[in-house]
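Heads up: the sequence shown begins at 7 in this note's numbering, then just goes up one per residue. One structure is given here, and the rest of the page talks about it.
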Amino acid sequence: MELQWVDGADGLAEAAAEHVVAVLARFARPVIALPTGATPRGLYERLVRRGRTGALSLGSARFFNLDEFVGLAPSDPRCYAAFLTRHFLGPLDIPAERIRLLRGDAGDLPAECLAYDGALEAAGGIDLAILGLGTNGHIAFNEPGGDWKLGTHVVTLAPSTRRAQRLLFASEAEVPRQGLTMGIATIRAARAVLLLVMGEGKAAALGALRAGLPDPAWPVTALLDHPRLTALVDRRLLPAARLP
Ligand code: GLP
């Protein structure tokens with residue numbers, strides 16, 4: 007793992023944009039897995055700016071999302087597909103044929119997961135997986151104690167995850183209880199992984215990662231032996247994230 011400390015949200019966004027541009031330059035038709043949340047917002051702003059000025063060409067890139075809430079249609083502004091359309095895919099006018107997002111409103115969720123894995127395989131797998139980090143150490147919606155061998159699957163969201171997502175919804179009761187997520191196996195198979203770590207409450211998960219031991223209680227540690235893992239971490243987490 008290459009760990010790089012960055013300064014705040016701006017430092018993270020700038021370093022992440024530089025990294026994404028450099029990785030994408032290596033692939034002719036890159037396949038990119040996209041995260042949602044507060045953490046990647048600055049990255050998306052910068053990529054959109056670069057795309058609009060012609061400094062970045064995403065003309066042949068293909069996009070998948072990491073995860074989605076079960077039960078929400080893509081037209082629902084609270085879902086992850088809507089977030090990505092609003093902040094990244096829409097402003098860059100990425101055509102629909104180069105986008106495949108998980109359908110949390112699918113009638114047959116296992117079939118949707120299989121179809122998603124099929125689409126990923128047909129695309130040749132992921133070249134760059136961009137990840138945020140949950141306070142409980144999850145990546146995408148792979149919660150603590152989950153099976154690291156799985157591909158895309160349905161998950162029951164941990165109470166801490168539902169609490170962290172509470173602000174997207176009018177009440178706690180409305181936060182979905184299930185999600186769809188790319189599995190750890192799929193993420194680990196990505197040719198490059200960029201992990202973005204920022205925000206309150208991430209110190210414990212970061213500490214587990216820095217401890218350097220794969221631990222099912224901290225799903226992010228499944229990435230430790232990835233040959234091309236870069237972690238960009240907000241320096242403000244440093245005092246709290248000392249090695250145990
Ligand atoms: C959710 C998403 C994750 C994301 C995490 C962190 O749980 N499912 O994919 O990494 O939130 O969100 P934030 O960046 O807002 O801290």
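Don't be surprised by glycine CBs; every beta carbon is placed ideally from N, CA and C.
Compute the distance between the beta-carbons of residue i and residue j, then report whether it is under 7 angstroms.
i: H25; j: L200; result: yes
i: N71; j: Y86; result: yes
i: A198; j: V29; result: yes
i: T236; j: E8; result: yes
i: P225; j: G143; result: yes
i: D133; j: G157; result: no
i: G185; j: F147; result: yes
In this structure, does DSSP put residue i in helix, strand or coil?
i: T187; result: strand
i: I193; result: helix
i: E206; result: coil
i: A198; result: strand
i: T162; result: strand
i: L249; result: Low per-residue confidence applies at L249: pLDDT is 46, beneath 50, and the placement is therefore not dependable, though the value from the model is reported in the following sentence. Correct three-state label for L249: coil.
i: L72; result: coil
Quick check on the burial criterion: 16 or more other C-beta atoms within 10 angstroms. Buried or exposed for residue i?
i: L249; result: Any reading at L249 must be qualified, since the residue scores a pLDDT of 46, below 50, and its modelled position is unreliable; no value is offered.
i: E74; result: buried
i: E127; result: exposed
i: D240; result: buried
i: E149; result: buried
i: L238; result: buried
i: G152; result: buried
i: K155; result: exposed
i: R52; result: buried
Using CA atoms only, rank isn't needed, just tell me which of the options is closest to residue i.
i: D13; options: T236, M204, W224; result: M204
i: L139; options: K155, Y122, D123, S166; result: S166
i: A67; options: A44, T45, R55, D99; result: D99
i: C119; options: L229, R234, M188, A176; result: M188
i: A195; options: G207, L230, L212; result: L230
i: H232; options: I190, A164, D111, L212; result: I190
i: I193; options: L107, L40, G17, D16; result: L40
Can we count residue i as close to the ligand GLP, meaning its CB is less than 6 angstroms from some heavy atom?
i: T167; result: yes
i: P41; result: yes
i: D123; result: no
i: D73; result: yes
i: A67; result: no
i: A87; result: no
i: G138; result: yes
Does the beta carbon of residue i sit closer than 7 angstroms to a beta carbon anywhere in chain C?
i: G131; result: Considering every chain present, this structure includes no chain C. It has just one protein chain.
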